[in-house]
Ligand SMILES: C[S@@+](CC[C@H](N)C(=O)[O-])C[C@H]1O[C@@H](n2cnc3c(N)ncnc32)[C@H](O)[C@@H]1O
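In this note's numbering, the protein residues as written are 67 to 278.
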């Protein structure tokens, strides 16, 4: 089966589809609706989850999502019986998304800036933000009272990821002993160093009664 060219070049050939992460998330959590801003052509979530909304501002990315090749590939490779439902917004994720509600179960943030902050309103309470810290999104979530760390993930290979919710208090401890500030993270767009460095983090969006 033909892998869409851009996805092959950007994700498959680099052994960076993270398919193992999406499979682990599906196994472990109750996830129906997924939102992936800053996705570029990373369509691996649609192989595991039936309902995924994507967004990216990079010019002409919509052509990839409109292409019959993309839809055919997902149709043939998906790991669920339901029909694949995917939607793509060609837009800056900082701008309002027309037609979206606050009912997403999962927001994916991978190498695309402060996604967890910009689209927080679309995540339901109890919904999950899965992010890494390369652009500082995890550091930002760690100082945001609306988010609570519930698990971390480790990449063993592209197909194999592990998720752990043990000893959460031992993560996100700054190596230098000082918590980052929002301004500092916004300026550097880089996460700070922690005493432990898993591949990524899973935060839950909490309501007022869940905050401590
Ligand atoms: C390094 S790529 C990562 C793509 C994908 N997340 C992956 O892991 O393969 C970052 C993407 O985020 C998009 N991006 C960055 N800031 C954005 C914004 N404010 N609104 C929409 N897309 C954005 C870029 O256009 C780019 O396609």
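For each residue, glycine too, the CB sits at the ideal point set by N, CA and C.
Could you compute how far the alpha carbon of residue i sits from the alpha carbon of residue j?
i: residue 115; j: residue 164; result: 22 Å
i: residue 178; j: residue 197; result: 10 Å
i: residue 271; j: residue 277; result: 10 Å
i: residue 234; j: residue 216; result: 7 Å
i: residue 130; j: residue 78; result: 15 Å
i: residue 206; j: residue 251; result: 7 Å
i: residue 140; j: residue 119; result: 14 Å
i: residue 168; j: residue 253; result: 28 Å
i: residue 151; j: residue 117; result: 5 Å
i: residue 126; j: residue 232; result: 42 Å
By DSSP's criteria, residue i is part of a beta bridge. Which residues make up the other side?
i: residue 175; result: 197
i: residue 118; result: 100 and 152
i: residue 213; result: 271
i: residue 189; result: 170
i: residue 134; result: According to DSSP, residue 134 bridges with nothing at all.
i: residue 230; result: 218
i: residue 240; result: 260
i: residue 266; result: 219
Any idea if residue i is buried or exposed, counting beta-carbon neighbours within 10 angstroms, 16 or more meaning buried?
i: residue 124; result: exposed
i: residue 142; result: exposed
i: residue 192; result: exposed
i: residue 100; result: buried
i: residue 162; result: exposed
i: residue 244; result: exposed
i: residue 134; result: exposed
i: residue 239; result: exposed
i: residue 122; result: buried
i: residue 83; result: buried
Between residue i and the rest of its own chain, which residues show a CB-CB distance below 8 Å, the 5 nearest in sequence each way excluded?
i: residue 242; result: 258 and 259
When the distance is taken between beta carbons, is residue j closer than 9 Å to residue i?
i: residue 89; j: residue 145; result: yes
i: residue 200; j: residue 103; result: no
i: residue 184; j: residue 155; result: no
i: residue 194; j: residue 173; result: yes
i: residue 208; j: residue 264; result: no
i: residue 219; j: residue 230; result: yes
i: residue 85; j: residue 171; result: no
i: residue 222; j: residue 91; result: no
Please work out which residues of its chain come closer than 6 Å, Cβ to Cβ, to residue i, disregarding the five sequence neighbours upstream and downstream, and give them in chain order.
i: residue 256; result: 202
i: residue 73; result: 107 and 109
i: residue 204; result: 197, 257 and 267
i: residue 153; result: 119
Which same chain residues, not among the five before or five after residue i, have their C-beta less than 7 Å away from its C-beta?
i: residue 138; result: none
i: residue 136; result: 70, 109 and 130
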